[in-house]
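Engineer:
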Amino acid sequence: PIVPYGTIAVDFGMSQDIKVGDIALVGDFIVGKIVSVTANHSIVSLFGGKNEEASFLVGDKRLPLEGQGAGFGAFNSDIASGIGNDLINQSARLAEYPDYFFGSVIGIDPSGKDQYDSLFIQSPVNIFELQIIDIVSNEK
577 PIVPYGTIAV
587 DFGMSQDIKV
597 GDIALVGDFI
607 VGKIVSVTAN
617 HSIVSLFGGK
627 NEEASFLVGD
637 KRLPLEGQGA
647 GFGAFNSDIA
657 SGIGNDLINQ
667 SARLAEYPDY
677 FFGSVIGIDP
687 SGKDQYDSLF
697 IQSPVNIFEL
707 QIIDIVSNEK
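Residue numbers (the working numbering): 577 to 716.
1) Which residues in the same chain as residue 701 place their Cβ atom closer than 6 angstroms to its Cβ, once the five residues preceding and following it in sequence are excluded?
2) Assess contact between the stretch 651-666 and the stretch 609-620, defined as three or more Cβ pairs (one per stretch) separated by less than 8 angstroms. Is contact present?
3) Please go through the same chain and pick out, in chain order, the residues whose beta-carbon is closer than 8 angstroms to the beta-carbon of residue 627, but skip the five residues on each side of it.
4) On the DSSP letters alone, give me the boundaries of the beta strand (DSSP E) that residue 654 sits inside.
5) For residue 637, is the classification buried or exposed, using 16 other Cβ atoms within 10 angstroms of its Cβ as the cut-off for buried?
6) Tell me which same chain residues have a C-beta within less than 6 angstroms of the C-beta of residue 659, skipping the five on either side of it?
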């Protein structure tokens, strides 16, 4: 099937009990969610699309942050100046899916606006090199 930017098609569908809202994992990392299903195919919308809004829990203390998609599995978030350096290399989880890792904090730009720095959160998954993706039910 033809798929729009920011999505991937998988060869699983209703015949394999896949449902809209199920999540897509690569290893321990969440990469997207099912947005469309037919009998034998599904479309996964990938997280981190341009201008996508998301809430994160960062680090061992699960600091809540709001992020905006930068494209290709990355998010930017504003954080009070001076706090972000302690978060470099800390894990980041999407607040909506706290049981799964999304990625980690890869950098800080101290030239943000006013009293804020820009924090960069990136998934380690290269969507252009995917070979195996797991679909997991999102039912609680």
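Built from N, CA and C at the ideal position, the CB exists for glycine as well. What you are looking at is a predicted structure, and each value in this text was computed from that prediction instead of being measured.
Structural biologist: So, to answer that:
1) One-based indexing of the sequence shown puts residue 701 at position 125. Excluding residues within five positions, the ones whose Cβ falls inside 6 angstroms are 602, 605, 607.
2) Contact fails: fewer than three Cβ-Cβ distances are below 8 angstroms.
3) Numbered from its first residue, the sequence shown carries residue 627 at position 51. Contacts found: 644, 645.
4) The residue you call residue 654 lines up with position 78 of the sequence shown. Boundaries of the beta strand (DSSP E) around residue 654: 650-656.
5) Walking along the sequence shown from the start, residue 637 turns up at place 61. A residue is called buried when at least 16 other Cβ atoms come within 10 angstroms of its Cβ; residue 637 does not meet this threshold and is exposed.
6) On the sequence shown, residue 659 is found 83 positions in, with the first residue counted as 1. No residues qualify anywhere along the chain.
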